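Please read the structure below before turning to the comments.
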Amino acid sequence: MKVRLLSHRPMTGRYNMAVDEAIHNAYQRGESGPTLRFYRWKPACLSVGRFQSVERQVDLESLKQLGIDLVRRPSGGRAVLHDDELTYSLVISEGLLPGSVLETYRILSQALVDGLRALGIPARLSELERGVTARDPRFKGAACFSAPSWYEIEACGKKITGSAQFRKDGVILQHGSIPLSMDYSKLARCFKTRSPAHAKRLESMLPGKAAGLTEVCGRQVSACELQQELVRAFENAFDWKLEKGSLTTGEIREAVKLSQGKYGAVHWTMERATAR
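Going by my numbering, the sequence shown wraps up at 311, each residue one higher than the last.
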């Protein structure tokens with residue numbers, strides 16, 4: 036199967052989310068085919084899940100001081116600081132990736148694991164204990180990288196990727212963050228805490244929970260080499276032929292509109308959606 040491959044220069048958080056949604060919408064209308072996209076962020080940006088409370092969990096003053104943007108994703112999940120990382124997104128129909136949300140996480144994560152192992156990273160899928168759910172008190176943190184979820188990826192006992200998914204009218208959008216390095220102090224400062232002491236505990240806890248690829252690999256890992264191995268891994272895992280492409284005129288037009296409208300709007304960013 037042919038899959039369009041997109042590789043984009045660093046862009047703002049709201050434009051990145053707008054492009055992901057524009058591709059998803061174009062696929063729904065039959066105007067575009069399956070698409071695997073790689074991208075980065077400039078400036079650094081905190082993305083929050085669709086159902087996450089910015090008011091309760093995010094320290095807006097710290098974001099301003101640190102020069103970090105804020106955007107709300109169309110997908111669920113917890114907050115992710117996009118800084119020194121490579122991000123992927125995949126838009127594809129449910130019929131081409133059959134199974135539940137959990138099952139598609141598993142098969143896509145396994146492809147990511149294969150690509151990471153090709154770089155010498157001892158990656159593995161994380162599986163929560165039977166009966167453990169997102170309501171478990173151990174997983175109440177606002178930050179995505181504070182704890183693994185089902186079929187996220189770990190190395191050396193630390194979480195090294197974070198993914199989220201959005202489905203509408205039979206079309207899947209899954210995007211995920213793969214940090215090359217992590218600034219634990221900056222990440223901890225993004226969130227509201229009960230006290231300065233609690234903030235210090237959060238900062239000291241994070242290095243034991245999450246890591247960038249450079250740390251677990253023992254050498255510098257570039258976004259370019261990571262992308263190359265992930266492309267090979269996706270092609271091998273799904274028998275895809277990834278062909279370099281570009282956004283259509285319609286996708287660009289819609290992305291600009293979404294970036295300036297929906298993703299640039301205070302009410303979208305600040306007001307979380309209500310789960311149905």
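Glycine included, each C-beta is placed from N, C-alpha and C at the ideal position.
None of the values given here were measured: they were computed from a predicted structure.
Rounded to the nearest angstrom, the gap between the Cα atoms of residue 49 and residue 294 is 5 angstroms. Distance from the CA atom of residue 65 to the CA atom of residue 162, rounded to whole angstroms, is 36 angstroms.
Apart from sequence neighbours up to five positions away, the residues of its chain that approach residue 277 with a beta-carbon distance below 7 angstroms are 38, 40, 71, 266, 269 and 270, ordered along the chain. In this structure, residue 199 sits away from residue 307, with a CB-CB distance that is not shorter than 8 angstroms. Pairwise C-beta distances place the segment 85-100 out of contact with the segment 183-193, as fewer than three of them are shorter than 8 angstroms. Just measuring C-alpha positions, the residue of 223, 143, 84 and 301 sitting nearest residue 244 is 223.
In the DSSP secondary-structure assignment, residue 80 is bridged to 104 and 117. Counting every other CB atom within 10 Å of its CB across the protein chains shown gives residue 302 a total below 16, marking it as exposed. Fully enclosed beta strand (DSSP E) runs of no fewer than 3 residues occupy 70-74 of the segment 48-81, in order along the chain. Here residue 120 is not near residue 188, since their CB atoms are 8 angstroms or more apart. The three-state secondary structure of residue 301, taken from DSSP, is helix. Around the beta-carbon of residue 284, fewer than 16 other beta-carbon atoms lie within 10 Å, marking it exposed. Taking C-alpha positions only, residue 217 is separated from residue 114 by approximately 14 angstroms. In the three-state DSSP reduction, residue 255 falls in the coil class, being neither helix nor strand.
In the three-state reduction of the DSSP assignment, residue 130 falls in the helix class.
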